[in-house]
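Asks: Before I ask anything, let me first share the structure, which is written out below as structure tokens.
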Amino acid sequence: MLTLQAIGIIQYPKTTKRLCTYPDNRPILLVSGQVEKNLKRNPFLAGIFQVFQSQLKLDVLSKKEYTERKRDEGGQMKSQPIEISGGYILNQATQLNHLTANEFQLQNNSDRTCLRKKPRIGILNRRISAGRSIINADLLARTPVVQDFSHNNSVSVQYFEGLDFVEQVSFFRSIDILVASHGAQLTGVAFMNARCSHLVELFPKGYAIPDFFGSLAINSGKKYSYLYMSENSFGTEQSVSFADRRQARSVNLCPSPSMMASILGELSDSWRTCCEEK
Numbered sequence: 001m002l003t004l005q006a007i008g009i010i011q012y013p014k015t016t017k018r019l020c021t022y023p024d025n026r027p028i029l030l031v032s033g034q035v036e037k038n039l040k041r042n043p044f045l046a047g048i049f050q051v052f053q054s055q056l057k058l059d060v061l062s063k064k065e066y067t068e069r070k071r072d073e074g075g076q077m078k079s080q081p082i083e084i085s086g087g088y089i090l091n092q093a094t095q096l097n098h099l100t101a102n103e104f105q106l107q108n109n110s111d112r113t114c115l116r117k118k119p120r121i122g123i124l125n126r127r128i129s130a131g132r133s134i135i136n137a138d139l140l141a142r143t144p145v146v147q148d149f150s151h152n153n154s155v156s157v158q159y160f161e162g163l164d165f166v167e168q169v170s171f172f173r174s175i176d177i178l179v180a181s182h183g184a185q186l187t188g189v190a191f192m193n194a195r196c197s198h199l200v201e202l203f204p205k206g207y208a209i210p211d212f213f214g215s216l217a218i219n220s221g222k223k224y225s226y227l228y229m230s231e232n233s234f235g236t237e238q239s240v241s242f243a244d245r246r247q248a249r250s251v252n253l254c255p256s257p258s259m260m261a262s263i264l265g266e267l268s269d270s271w272r273t274c275c276e277e278k
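If you want it as structure tokens, here you go:
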């Protein structure tokens with residue numbers, strides 16, 4: 001697992017005695033963990049690092065490299081690791097989206113999103129063997145009433161296994177209303193075109209953390225809803241032990257097509273209203 005610390009990203013008031021820039025004024029992203037191993041198996045993280053280095057001019061250093069550089073500077077490095085709030089990162093989501101588009105030469109069509117009569121609806125799924133799969137995703141996508149809500153009467157079902165960073169980002173940028181099971185595949189939701197876009201996150205009985213990726217969606221300019229698949233509230237059914245939570249969160253999901261059609265119908269109307277107000 002990688003942990004990140006940012007050095008020199010937040011600008012403190014000039015009155016502070018704490019300096020937060022490296023001597024050459026290049027901010028540093030300090031990384032701990034098995035960096036190369038994680039980057040090879042996580043193409044999304046590798047892509048983000050490329051944007052940081054190329055577009056934001058960040059030096060990405062491991063803790064070992066940072067220590068060695070500090071020693072080479074005689075211990076006089078001006079920058080020290082500082083904690084940055086999640087809110088700060090989320091507030092930069094729009095800029096990060098533009099920088100990523102510049103880095104990988106992605107076409108920006110966000111200004112044309114609302115020119116369509118219908119929103120583009122997509123389902124982000126996982127393989128059944130991985131758990132947290134929407135096992136009837138293809139059925140949902142083929143349901144006539146659901147298709148009727150979507151642009152070109154077509155609902156996309158996408159899997160991220162085997163896709164690189166650009167392919168994952170491109171999918172997010174091509175969707176206006178996204179249905180997805182909970183989990184780390186939603187890390188890139190900030191790349192959805194912010195104009196009137198909406199994320200619906202599905203949770204199984206016994207496990208729900210709507211404020212995790214929900215906060216990422218909302219603070220990066222998207223609308224957010226979640227569906228807890230039980231007749232009771234998740235607060236009364238939340239698994240207590242780690243073993244129970246782990247088991248609950250890996251359960252595959254099978255939402256009712258009629259229920260999803262009703263939800264997507266409401267969200268399509270909401271998207272249209274939002275576009276008319278823009």
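With full-length UniProt numbering as the guide, the letters of the sequence shown map in order to residues 1 to 278.
The C-beta atom is built at its ideal place from N, Cα and C for all residues, glycine as well.
Is the separation between the beta-carbon of Cys-254 and that of Asn-153 shorter than 8 Å?
Replies: Sequence index remark: in the sequence shown, residue 254 carries index 254 (1-based). Sequence index remark: in the sequence shown, residue 153 carries index 153 (1-based). Result no, Cβ atoms of Cys-254 and Asn-153 do not sit closer than 8 Å.
Asks: So does the segment 161-171 actually touch the segment 206-215, counting three or more Cβ pairs closer than 8 Å?
Replies: The segment 161-171 is not in contact with the segment 206-215.
Asks: Taking contact to mean at least 3 C-beta pairs separated by less than 8 Å, is the segment 122-133 in contact with the segment 94-109?
Replies: Contact between the segment 122-133 and the segment 94-109 is absent, because fewer than three Cβ pairs lie under 8 Å.
Asks: So what does DSSP say about Glu-201, is it helix, strand or coil?
Replies: Taking the first residue of the sequence shown as 1, we reach residue 201 at position 201. Here Glu-201 sits in strand by DSSP.
Asks: Residues in its own chain within less than 6 Å of Val-200 by CB, not counting five upstream and five downstream?
Replies: Here residue 200 refers to the residue found at position 200 of the sequence shown. So the qualifying residues of the chain are Val-179, Ser-225.
Asks: Does the beta-carbon of Phe-160, which I'm using as the reference point, lie nearer than 7 Å to any heavy atom of the ligand SAM?
Replies: The ligand SAM is not part of this structure, which contains no ligands at all.
Asks: On the criterion of 16 or more Cβ atoms from any shown chain inside 10 Å, does Gln-95 qualify as buried, or is it exposed?
Replies: On the sequence shown, residue 95 is found 95 positions in, with the first residue counted as 1. Exposed.
Asks: Name the DSSP bridge partner or partners of Tyr-226?
Replies: Within the sequence shown, numbered from 1, the residue matching residue 226 stands at position 226. Per DSSP, Glu-201.
Asks: Where in the UniProt domain "Glycosyltransferase 61 catalytic" (94-196) do unbroken runs of the beta strand (DSSP E), each at least 3 residues long, occur, reported from the N-terminal end onward?
Replies: Within the UniProt domain "Glycosyltransferase 61 catalytic" (94-196), the complete beta strand (DSSP E) runs of at least 3 residues are 121-125, 156-159, 177-181.
Asks: Check whether the Cβ atoms of Gly-131 and Ser-241 sit closer than 8 Å, and answer yes or no.
Replies: Position 131 of the sequence shown holds residue 131. Position 241 of the sequence shown holds residue 241. Not a contact, by the Cβ cut-off of 8 Å.
Asks: Output needed for Leu-39: all residues of its chain with C-beta closer than 8 Å, excluding positions within five of it in sequence on either side, in chain order.
Replies: For the purposes of this step, residue 39 is taken as residue 39 along the sequence shown, with counting starting at 1. So the list reads Leu-45, Ala-46, Phe-49, once near-sequence residues are dropped.
Asks: Output the boundary residues of the beta strand (DSSP E) element that contains Val-51.
Replies: The residue labelled residue 51 in the question sits at position 51 within the sequence shown. Unbroken run through Val-51 is the alpha helix (DSSP H), 43-55; no beta strand (DSSP E).
Asks: Using 8 Å as the threshold, is the C-beta distance between Ala-248 and Asn-97 below it?
Replies: Taking the first residue of the sequence shown as 1, we reach residue 248 at position 248. Taking the first residue of the sequence shown as 1, we reach residue 97 at position 97. No; because the gap between Cβ atoms is not below 8 Å, this pair is not in contact.
Asks: Out of curiosity, what's the CA-to-CA distance linking Thr-273 and Leu-202?
Replies: Here residue 273 is taken as the residue at index 273 of the sequence shown, counted from 1. Here residue 202 is taken as the residue at index 202 of the sequence shown, counted from 1. If I take the Cα positions, the gap works out to 24 Å.
Asks: Can you give me the Cβ contacts of Gln-158 inside the same chain, cut-off strictly under 8 Å, excluding the 5 residues immediately before and after it?
Replies: Here residue 158 is taken as the residue at index 158 of the sequence shown, counted from 1. For Gln-158, where only same-chain residues beyond five positions count, the Cβ hits under 8 Å are Gly-122, Ile-123, Leu-124, Asn-125, Phe-171.
Asks: By alpha-carbon positions, which one of Asn-193, Arg-116, Val-31, His-182 ends up nearest to Ser-220?
Replies: Taking the sequence shown and counting its residues from 1, one reaches residue 220 at position 220. Out of Asn-193, Arg-116, Val-31, His-182, Asn-193 has the C-alpha closest to the C-alpha of Ser-220.
Asks: Tell me which same chain residues have a C-beta within less than 7 Å of the C-beta of Thr-143, skipping the five on either side of it?
Replies: The residue labelled residue 143 in the question sits at position 143 within the sequence shown. Correct list, in chain order: Pro-257, Ala-261.
Asks: Taking Ile-134 as the reference, which of His-198, Phe-52, Gly-183, Ser-174 has the closest Cα?
Replies: Numbered from its first residue, the sequence shown carries residue 134 at position 134. The shortest C-alpha separation from Ile-134 is found at Gly-183.
Asks: On the CB-based measure, 16 or more other CB atoms within 10 Å of its CB, does Lys-222 come out buried or exposed?
Replies: Along the sequence shown, one-based indexing puts residue 222 at 222. Lys-222 should be labelled buried.
Asks: On the criterion of 16 or more Cβ atoms from any shown chain inside 10 Å, does Phe-212 qualify as buried, or is it exposed?
Replies: Your numbering for residue 212 matches position 212 in the sequence shown. It is exposed - the Cβ of Phe-212 has fewer than 16 other Cβ atoms within 10 Å.
Asks: May I ask you to list the residues that DSSP assigns as paired with Leu-253?
Replies: Translated into positions along the sequence shown, residue 253 becomes position 253. For Leu-253, which the question treats as bridged, DSSP gives the partners Ile-134.
Asks: Mind checking Ala-243: buried by the 16 CB within 10 Å criterion, or exposed?
Replies: Against the sequence shown, residue 243 aligns to sequence position 243. Exposed, because fewer than 16 other Cβ atoms sit within 10 Å of the Cβ of Ala-243.
Asks: Give the single residue among Asn-102, Ser-62, Tyr-66, Val-31 whose Cα lies nearest to the Cα of Val-51.
Replies: For this step, residue 51 is matched to residue 51 along the sequence shown. Of the candidates Asn-102, Ser-62, Tyr-66, Val-31, the one whose C-alpha sits nearest the C-alpha of Val-51 is Asn-102.
Asks: Measuring only the C-alpha atoms, how far is Arg-246 from Gln-147?
Replies: The count along the sequence shown starts at 1 and reaches residue 246 at position 246. The count along the sequence shown starts at 1 and reaches residue 147 at position 147. Distance between the alpha carbons of Arg-246 and Gln-147: 34 Å.
Asks: Sorted by chain position, which residues of the same chain lie with C-beta nearer than 7 Å to Ser-230's C-beta, five sequence neighbours on each side aside?
Replies: Here residue 230 refers to the residue found at position 230 when the sequence shown is read from its first residue. Counting only Cβ-Cβ distances below 7 Å, and skipping sequence neighbours, we find Lys-205, Glu-237.
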